[in-house]
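FYI, the numbering for the sequence shown is 168 to 354, going by my numbering.
Take a look at the structure below.
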Amino acid sequence: MTSAEATSREVDRLAELASIGAGHAAGALAALVGRTIRMEVPRVRDGREAGALAAPEEAAVVFFHVLGGPGGVLAVLFPADAHPALLERLLGVPASATPAEQAESALGEAGNILASHALSAVADLVETAVVPSPPELDSDAAGRLPAAPAGRLRIETPLVDRDGRLQSLLVWFPEPPAAASDPDGAV
């Protein structure tokens, strides 16, 4: 959805969907790590704002193409400085003792769980199937997330624990209205 096409009402609706989805993702992350996770207020960014979203160096990002409902791309970002605490909670062993392949698998599965919970909540609200593609893990995002086309909206929702050690960022790029309404994905 481009900024020019988005009415204030549509933007509010998308932000509300993102908020409810992120709330469910925060609950899923809390269950995974056994700690309270709070969701910050989603930030709606207009594509005319400063460039692509910057990801922390060496962040792990799990990408999903979203089919149905508002569609688009959903990214779940895990900053590198949160990896040790997250991996210790997920796997029950010190992150330093976790083989790289196992760490990547755990982060990919955590991203898959968060995205599935978020999109399931959105599907319930829009009363249609909203399905993520298989996850695509980029374990060394090196300061980048997918850049949205000029003028396209992105909605960012941070998830953090009380100490800030366990954190994630959900970033959703909703489809333009014509693509989101076409069930075959044709533009």
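Even glycine gets a Cβ: it sits at the ideal position worked out from N, Cα and C.
Among the options, the one whose alpha carbon lies nearest that of residue i
i, options, result
"Ala-339", "Ala-282, Ala-198, Glu-294, Pro-251", "Reading the sequence as shown, one finds Trp at residue 339 and not Ala. Ranking Ala-282, Ala-198, Glu-294, Pro-251 by Cα distance to Trp-339 puts Ala-282 first."
"Asp-330", "Glu-276, Leu-253, Glu-268", "Leu-253"
"Pro-301", "Glu-207, Asp-248, Asp-213, His-232", "His-232"
"Gln-334", "Gly-235, Ala-192, Leu-241, Val-240", "Ala-192"
"Leu-326", "Glu-177, Pro-209, Ser-272", "Pro-209"
"Glu-255", "Val-200, Phe-245, Val-178, Pro-246", "Val-200"
"Ala-290", "Glu-271, Met-206, Leu-234, Pro-261", "Leu-234"
"Thr-174", "Met-206, Ser-263, Asp-213", "Asp-213"
"Met-206", "Pro-341, Thr-324, Glu-342", "Thr-324"
"Ser-263", "Pro-251, Phe-245, Ala-288, Arg-176", "Pro-251"
N- and C-terminal bounds of the beta strand (DSSP E) containing residue i
i, result
"Glu-268", "Note, Glu-268: premise wrong, no beta strand (DSSP E); alpha helix (DSSP H) at 267-293."
"Ser-335", "334-340"
"Val-229", "227-234"
"Val-200", "Unbroken run through Val-200 is the alpha helix (DSSP H), 175-200; no beta strand (DSSP E)."
"Leu-326", "321-328"
"Gly-239", "239-245"
"Glu-303", "303-305"
Presumed contact (8 Å Cβ cut-off) between residue i and residue j, rounded CB distance
i, j, result
"Leu-274", "Ala-227", "5 Å"
"Thr-295", "Gly-236", "6 Å"
"Val-297", "Leu-304", "Their Cβ separation, rounded to whole angstroms, is 21 Å, which puts Val-297 and Leu-304 out of contact at 8 Å."
"Arg-202", "Asp-328", "5 Å"
"Leu-337", "Ala-189", "5 Å"
"Ala-249", "Arg-332", "6 Å"
Boundaries of the alpha helix (DSSP H) in which residue i is found, first to last residue
i, result
"Asp-213", "Here Asp-213 belongs to no alpha helix (DSSP H), and DSSP marks it neither H nor E."
"Glu-255", "250-258"
Cβ-Cβ distance between residue i and residue j below 7 Å
i, j, result
"Ala-195", "Ile-280", "yes"
"Gly-278", "Val-243", "yes"
"Ala-198", "Ile-204", "no"
"Val-211", "Val-178", "yes"
Residue-chain proximity (residue i, chain B), Cβ-Cβ < 7 Å
i, result
"Leu-253", "Annotation note: the requested chain B is absent from the structure, which comprises a single protein chain."
* To do: Check whether the region 182-200 touches the region 260-271, counting contact only when three or more Cβ pairs, one atom from each stretch, lie closer than 8 Å.
  => The region 182-200 vs the region 260-271: no contact.
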